[in-house]
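K.L.:
Chains as they are written, first to last, in the numbering used here: chain A, 1 to 117; chain B, 1001 to 1463.
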Amino acid sequence: MTPGPGRRLIPAYLVTGGRSAPTGPALDRLAVLVRTDEALPPNAGSEQRRLCELLEPGALTVVECAAHLELPVSATVFLATDLVAGGHLHARPPIPRAGEIDRSLVERLLVGLRTLH
Amino acid sequence: MPAWITTLIAVCVAVWASTRTHQARRDAYGAATRVELMERQLKAAEARTLALGEEIRQLAEKRIPAAATALSHRSAPVPGLREAAGVEGDAARLLTGAVEAARTAILEERGRVDAAARSAMRGTSAKIQSLLNQSQHLLQELQHEYDDPRILQLDFRNELALRRTQATAVLCDAWPGLARQNSSLVEVVLGAQSRVAGYERIKVANHLRQERLALVARAAEPFAIALAELLANATAYSHPDTEVPVTVQQTAGRGALVLVDDAGIGMDDDALKRARTLLAGPSEVLLTELGDPPQTGFAVVGRLVARYGFSCHIEASPYGGMRTMLRVPAHLLTVMDDDRTLSVLAPKAVDARGPLAEPEPGARTPAPTAEPAGDGTGEPATGRTAGPAAGTSATGLPSRRRRTPRRAPAPGPAPETHEERPPLRTPEQAEASWAALQEGTLSGRNAPAPTASSSDDQGDDET
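Structure representation (structure tokens):
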């Protein structure tokens, strides 16, 4: 936030509002955030507004939002869970990486298919 | 002849004798008077000696200790002479002179001891400060590497420790120890907020006319330290359920003003008087005068006020507690360069945010009356829709082009169509379309004529 050497001025933990963990289900850093049509309340913080504006043109992952907001992912998660709880954002869990395929299962499936013929 | 001679002699002798007797009697009388006088003088001298002794005892046992106590406790009474009449002017003056001399000696010694204590603390706090700064850098790096929220908490604890150390250092006449660039006033206020336990209760309302109003480099950190101390007082002396509203505004004289209100317990007259004395920026504040445990807040603000030319005033707040006002003179203000972007966390100026702006519906301070809300509900969002795209390229980050521009910013019927689209097809729909495909394929295969295949393809495309 503050360029150059020296002490930063605004720390990221301000976003947490003194909470030790985000309220609601944990968000992965690759979870995809989508803006809903719920209007922000008038007393929404500027960081919440900024995040919603970021998502106006389309979905982004948490980690991308964090980079745009220049906040660490852990702080962005606080912000996002609040907005998800308020119905302003949808969060979609990341697509899990394809796991190792159980070879024996595939072989058995193949055998089964062949016997069908 | 002999007869009158004899008579004459007798008369002479008689006269002489009577004269002598008279003389002797007078001498005796004079002597008695002198003795009496001497005795009286002796008695008086004895009384004086006694009184003087008592006064010296009073000096040693009461007056000097009391005078010493009074140096640290202003309200302690200092007894005077025991009985003013018992000792004459000179002695009394000398005795009072002794008290004065003792006072001076104590003051000098206290000054020396205090200076020694301050220099010791200055050295220690400088070391601790640099260590804490280093851990802050490390914590920040960790925050960007790991997603554990506990790192944020750790960062906060570190910041609290840093504020304490820094305040102590300032109190001990150290340099605030940080060179900053010109920093946005709102950001500095947020920075101060982040250094205080209970920062979540502090609500900053930005009423600046110029959004990029900034503090000049040399005043930025001192201002943050001073404001952090005022905020710490406000949060510490008010109930944890109450808010601490902070208002940032520009004054008529091209200066800026930060108001801190609390709904706390307030201060009694003595405390208020003392606080004002400290806030006025006295030339020297002794550690020994700050009580035990030392209450450093106002003293720290006072030192910074004296050194950097801010001014600070405290009075009763309309919220029930105290209101402190920290004013920045025009010569310490500037406008930030355009190439610096403000932090996301910095609250937008109330006026700039438009009708949505009213920060807290009920009790907000002198909120400049926002227009009645209504027409512009979508205004801030649409107004800044262009922002992210521009910002994306400006930050120099690799930007990803998103596939679907979601919707035109036109409010109204648009949301409905948009609501239909993005939720992916329901299983029923999917089933229907795939069933249609299958059906088409089947009917195509079953159809004998080769002409049917073209229609088959079309059907495929359409599904």
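All C-beta atoms, glycine included, are put in the ideal place defined by N, C-alpha and C.
Nearest-angstrom Cα distance between Ala67/A and Val73/A?
P.N.:
Cα-Cα distance, rounded: 8 angstroms.
K.L.:
Using a cut-off of 7 angstroms between C-beta atoms, extract the partners of Ile10/A located in chain B.
P.N.:
Here the neighbours are Glu1187, Leu1190, Gly1191, Ser1194, Ser1343 and Leu1345.
K.L.:
What does the alpha-carbon distance come out to for the pair Pro1282/B and Leu9/A?
P.N.:
Distance between the alpha carbons of Pro1282/B and Leu9/A: 29 angstroms.
K.L.:
Taking the C-alpha atoms as reference points, what is the distance between Asn1227/B and Val1328/B?
P.N.:
One detail in the question is off: residue 1227/B reads as Leu in this sequence, not Asn. C-alpha separation (whole angstroms): 11 angstroms.
K.L.:
For Val1300/B, which residues in the same chain have their Cβ closer than 6 angstroms to its Cβ, ignoring the five residues on either side in sequence?
P.N.:
Hits under 6 angstroms: Ala1167, Val1170, Leu1171 and Glu1229.
K.L.:
Can you find a C-beta in chain B that's less than 8 angstroms from the C-beta of Pro121/A?
P.N.:
Past the edges of chain A, shown from 1 to 117, lies residue 121/A, and the structure says nothing about it.
K.L.:
At a Cβ threshold of 8 angstroms, is Ser20/A touching chain B?
P.N.:
So yes, Ser20/A belongs to the interface.
K.L.:
Going along the chain, which residues of the stretch 1133 to 1158 of chain B sit with their C-beta nearer than 7 angstroms to a C-beta in chain A?
P.N.:
Listed by position, the residues of the stretch 1133 to 1158 of chain B near chain A (Cβ gap below 7 angstroms) are Asn1133, Gln1136, Gln1140, Gln1143, His1144, Asp1147, Asp1148, Pro1149, Ile1151, Leu1152, Gln1153, Asp1155 and Phe1156.
K.L.:
Could you tell me which chain A residues have their CB closer than 7 angstroms to the CB of Ser1238/B, listed as they occur along the chain?
P.N.:
The contacting residues do not exist; Ser1238/B stays about 15 angstroms from chain A at best.
K.L.:
Using C-beta distances below 8 angstroms, list every residue in its chain close to Arg1122/B, excluding the 5 sequence neighbours before and after it, in chain order.
P.N.:
Around Arg1122/B: Ala1169, Cys1172, Asp1173 and Ala1174.
K.L.:
For Cys1172/B, which of helix, strand or coil comes out of DSSP?
P.N.:
It is coil, neither helix nor strand.
K.L.:
Helix, strand or coil, according to DSSP, for Pro1077/B in the structure here?
P.N.:
Coil.
K.L.:
DSSP on Asp1155/B, reduced to helix/strand/coil?
P.N.:
Correct three-state label for Asp1155/B: helix.
K.L.:
Within the 8 angstroms Cβ cut-off, does Lys1127/B reach chain A?
P.N.:
For Lys1127/B, the answer is no, since every Cβ of chain A falls outside 8 angstroms of its Cβ.
K.L.:
Does the beta carbon of Ser1183/B sit closer than 8 angstroms to a beta carbon anywhere in chain A?
P.N.:
Yes, its Cβ sits closer than 8 angstroms to a Cβ of chain A.
K.L.:
Helix, strand or coil for Val1344/B? Go by DSSP, reduced to three states.
P.N.:
Note: Val1344/B maps to coil in three-state DSSP.
K.L.:
Mind checking which residues open and close the beta strand (DSSP E) that includes Arg1323/B?
P.N.:
Counting along the chain, the beta strand (DSSP E) containing Arg1323/B begins and ends at Met1322 to Val1328.
K.L.:
Which residues, in order along the stretch 1193 to 1219 of chain B, keep a beta-carbon less than 8 angstroms from a beta-carbon of chain A?
P.N.:
Answer in chain order: Gln1193, Ser1194, Gly1198, Tyr1199 and Glu1200.
K.L.:
DSSP state of Glu1315/B, grouped into three classes?
P.N.:
Glu1315/B: strand per DSSP, three-state reduction.
K.L.:
Would you say Glu94/A faces chain B, with C-beta separation under 8 angstroms as the test?
P.N.:
The sequence given here places Pro at residue 94/A; Glu does not occur at that position. By this cut-off, Pro94/A is not an interface position.
K.L.:
Using a C-beta cutoff of 8 angstroms, does Lys1062/B count as contacting chain A?
P.N.:
Output row for Lys1062/B: interface = no.
K.L.:
Quick one: measure Cβ to Cβ for Ala59/A and Thr16/A, integer angstroms, because I've assumed they're closer than 8 angstroms.
P.N.:
Not confirmed; about 24 angstroms, so no contact.
K.L.:
For Thr1369/B, does the three-state DSSP call read helix, strand or coil?
P.N.:
Its pLDDT being 38, under 50, Thr1369/B is placed unreliably by the model, and the measurement read from it follows with that caveat. Note: Thr1369/B maps to coil in three-state DSSP.
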